[in-house]
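K.L.:
So for the sequence shown, this note's numbering puts the first residue at 98; every next one is plus one. Using N, Cα and C, we set each Cβ at its ideal position, and we do this for glycine too. Nothing here was measured: the structure is a model prediction, and the numbers come from that model. Submitted below is the structure of interest, expressed as structure tokens.
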Amino acid sequence: MKGQTPSLDMDFIRIFFPRPQEEEIAARLAHCLASSVGEQALQLRPNTTFSEIFAWVGDGDAAEFILGVEEELGLELDEVAEDIEEMTFREFVKYWAER
Numbered sequence: 098m099k100g101q102t103p104s105l106d107m108d109f110i111r112i113f114f115p116r117p118q119e120e121e122i123a124a125r126l127a128h129c130l131a132s133s134v135g136e137q138a139l140q141l142r143p144n145t146t147f148s149e150i151f152a153w154v155g156d157g158d159a160a161e162f163i164l165g166v167e168e169e170l171g172l173e174l175d176e177v178a179e180d181i182e183e184m185t186f187r188e189f190v191k192y193w194a195e196r
């Protein structure tokens, strides 16, 4: 993915998710985001909305980011929420962990 930063440590996001399953999903998604936006991903917090994330990714790379997330987590974002853009990172992680 564009802006790939393999050495960027996104594991900090784990501290916001006390349940092991949520922690794992959050870390995987954060690493996927870092692959798309590089150091800007360090701004990620549980209350970050997907509209903010999509703005970081940019219009041209949003489709690639979505495909990457879907591949990483084995889901289609359309099945998560009708309006994913209003969903927070925490809500997404919690939803996916409960599946």
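(1) Answer with buried or exposed for Ala127, where buried requires no fewer than 16 other C-beta atoms within 10 angstroms of its C-beta.
(2) Thinking C-beta only, is Ile122 closer than 8 Å to Trp193?
(3) Can you list, in chain order, the residues of its chain whose CB lies under 7 Å from that of Ile181, leaving out five sequence neighbours each side?
(4) By Cβ distance, which residues of its chain are closer than 8 Å to Gly165, with the 5 residues on each side in sequence left out?
(5) According to DSSP, which residues form a beta bridge with Thr146?
(6) Do you know whose CA, among Pro115, Leu105, Ala159 and Leu170, lies nearest Gln140's CA?
(7) According to DSSP, is Leu105 helix, strand or coil?
P.N.:
So, from the data block:
(1) By the neighbour-count criterion, in which a residue is buried when 16 or more other Cβ atoms sit within 10 angstroms of its Cβ, Ala127 is buried.
(2) yes
(3) Phe147 and Leu174
(4) Met98, Cys129, Ser132 and Ser133
(5) Paired residue(s): Thr185.
(6) Leu105
(7) coil
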